[in-house]
Amino acid sequence: MVAAVVNYPLVAGLLAFAVAQSAKFFTTWYKEKRWDARQFIASGGMPSSHSATVTALAVSVGIQEGFRSATFATSVILACVVMHDAFGVRLHAGKQAEVCQSHPKRSCTCGEIAICTSM
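Positions in the sequence shown are counted from 1; adding 177 to them yields this note's numbering.
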């Protein structure tokens, strides 16, 4: 347990994740005037807890190991892959939402492939 406390990249990543998830909780309250505890564990939405986590990890590794280290390079590549993937998922989810909204008498279900079906 003590090793986890002094592992600054781990602590930074977990803290960034917690802050991003908490921000979603309070943003939902501010926008919708309701408390939604599911926001603490829900994925999706902004801010991106995945992006916050890998960014904090990369920066803290850079600070601790040096910005010229192989470990920092690896963490930056990981961060880029995660953020690129998150961007792609958000882009396609938005396109799917547009398709479903353009057909008001249809409902969308999520599966391996999102499909709009007649109601």
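A virtual CB, placed ideally from N, CA and C, is assigned to each residue, including glycine. These figures come from a predicted structure and were not determined experimentally.
Q.
With H, G and I counted as helix, E and B as strand and the rest as coil, what does DSSP make of W206?
A. Helix at W206.
Q: May I have the straight-line CA-CA distance separating F244 from L192, to the nearest angstrom?
A: Spanning the two alpha carbons is a distance of roughly 21 Å.
Q: Flag this pair as touching only if the segment 184-200 and the segment 230-245 have three or more C-beta atom pairs under 8 Å; answer yes or no.
A: Touching, yes, given that three or more Cβ pairs across the two stretches are closer than 8 Å.
Q | Secondary structure of G243, DSSP reduced to three states | A | Of the three classes helix, strand and coil, the one that applies to G243 here is coil, per DSSP.
Q: Quick one: residues in its chain with C-beta nearer than 6 Å to the C-beta of W298, no 5 flanking neighbours on either side, listed in chain order?
A: Outside the modelled stretch of the chain, which goes from 178 to 296, sits residue 298, for which no answer is possible.
(Q) Short of 7 Å in beta carbon distance, which residues of its chain neighbour Y185, apart from the five on each side in sequence? Order them along the chain. (A) The residues are S237 and Q241.
Q) Any idea what DSSP makes of S252, helix, strand or coil? A) Secondary structure of S252 (DSSP, three-state): helix.
Q | Between the CA atoms of F194 and F203 - distance to the nearest angstrom | A | Here the alpha carbons of F194 and F203 stand approximately 14 Å from one another.
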